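Heads up, the thing below is written out as structure tokens.
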Ligand SMILES: [Zn+2]
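Numbering (the numbering used here), first residue to last: 1 to 295.
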């Protein structure tokens with residue numbers, strides 16, 4: 001009897017404490033938008049040699065490549081697409097462009113000039129990694145995975161063949177396994193179908209486009225005002241690569257890439273989407289950056 005009285009007294013207090021916690025959490029997160037938003041993050045400028053893509057300086061015009069990452073905010077959740085080339089913890093921002101050099105497992109050096117950390121740009125949009133429900137990588141190359149560990153708490157939407165290569169015995173020469181090691185224990189959804197509708201309403205779709213890596217994919221985002229866009233991953237790096245039908249020298253499988261490009265072309269035609277080549281510096285430079293967004 002005494003015990004029962006204790007429970008009836010304490011129970012309402014416990015319930016109201018829980019309700020308060022939930023309310024505080026909800027306030028900390030931005031309200032979900034009514035329609036899909038796309039935030040563009042700048043991951044710096046990558047020095048590049050067009051010869052790696054079987055082209056000349058004259059073919060490409062601008063030889064440098066952009067590094068981009070994106071946040072898709074849907075009324076039902078938040079998806080991070082790619083995570084940059086330089087890990088935030090590895091450099092100190094000064095507000096001015098900072099030249100970062102790194103060595104890949106295959107011994108090749110790379111240089112990226114970066115101005116703003118990824119998580120700072122995410123924060124400018126109003127989000128922290130804890131607010132991100134899903135992480136998807138176009139593929140596992142180093143210049144797309146740098147801050148992947150920060151999103152290990154999200155559900156990873158992974159292509160099985162890329163995941164296998166990422167955690168294989170031998171690291172792939174153009175990957176940096178330490179930057180994504182935490183994903184090994186992430187809640188993971190293995191995506192096996194050609195098209196995966198992330199939020200179930202046809203507005204955000206992962207589309208398989210293998211060849212650059214075995215599980216390379218692109219992302220379709222249907223925006224109400226901007227219209228539909230496809231984020232290319234590394235299906236192309238330069239506009240000229242598309243125009244001249246050239247392929248990188250380091251593809252996992254060129255024949256697959258050729259077919260993937262055809263399949264994405266047909267998809268672009270069917271959906272009326274524009275293709276955003278993530279590494280195309282001139283186009284990327286012109287895009288609005290977080291906290292501005294496309295909707
Ligand atoms: Zn790549």
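Beta carbons: idealized from backbone N, C-alpha and C, even for Gly.
Just so you know, these numbers come straight off a predicted model, no measurement behind them.
In this structure, does DSSP put residue i in helix, strand or coil?
i: residue 228; result: strand
i: residue 298; result: Only positions 1 to 295 of the chain appear in this structure, which leaves residue 298 out of reach.
i: residue 162; result: helix
i: residue 41; result: strand
i: residue 216; result: coil
i: residue 53; result: helix
i: residue 74; result: strand
i: residue 287; result: coil
i: residue 59; result: helix
i: residue 188; result: strand
i: residue 241; result: helix
i: residue 315; result: Residue coverage of the chain in this structure runs from 1 to 295, which leaves residue 315 outside it and unanswerable.
i: residue 69; result: strand
i: residue 92; result: coil
i: residue 47; result: coil
i: residue 198; result: coil
i: residue 255; result: helix
i: residue 264; result: helix
i: residue 292; result: coil
i: residue 175; result: coil
i: residue 206; result: strand
i: residue 183; result: helix
i: residue 170; result: coil
i: residue 29; result: coil
Leaving out five residues before and five after residue i in sequence, what residues of the same chain have Cβ atoms less than 7 Å from its Cβ?
i: residue 242; result: 236
i: residue 70; result: 38, 39, 40, 41, 81, 82, 231
i: residue 281; result: 45, 62, 64, 65, 66
i: residue 275; result: 230, 232, 268
i: residue 84; result: 43, 67, 69, 118, 146, 147
i: residue 153; result: 129, 130
i: residue 261; result: 235
i: residue 57; result: 50, 63
Excluding five sequence neighbours on each side, which residues of the same chain lie with their C-beta closer than 6 Å to the C-beta of residue i?
i: residue 173; result: 105, 106
i: residue 45; result: 64, 113
i: residue 94; result: none
i: residue 156; result: 135, 183, 186, 188
i: residue 97; result: 113, 115
i: residue 121; result: 41, 290
i: residue 292; result: none
i: residue 151; result: 80, 129, 132, 135
Less than 8 Å between C-beta atoms, sequence neighbours within five positions excluded: which residues of the same chain meet that for residue i?
i: residue 250; result: 52, 174
i: residue 224; result: 35, 36, 295
i: residue 55; result: 238, 240, 241, 244, 246
i: residue 204; result: 36, 72, 74, 79, 197, 198, 219, 220, 221, 222
i: residue 255; result: 211
Taking one C-beta from the stretch 51 to 70 and one from the stretch 275 to 293 each time, how about it: are there three or more such pairs within less than 8 Å? yes
Discussion item. Taking 6 Å as the limit, name every residue whose beta carbon sits nearer than that to some heavy atom of ligand 1, in sequence order.
Written reply: 139, 141, 212, 234
Query - Minimum length 4: unbroken alpha helix (DSSP H) runs contained in the stretch 101 to 154 - result: 118 to 124, 142 to 145
Margin query: Quick check: the stretch 190 to 207 against the stretch 164 to 181, are at least 3 beta-carbon pairs closer than 8 Å?
Written below: no
Would you check if the stretch 125 to 134 and the stretch 162 to 169 touch, i.e. whether three or more CB-CB distances between them fall below 8 Å? no
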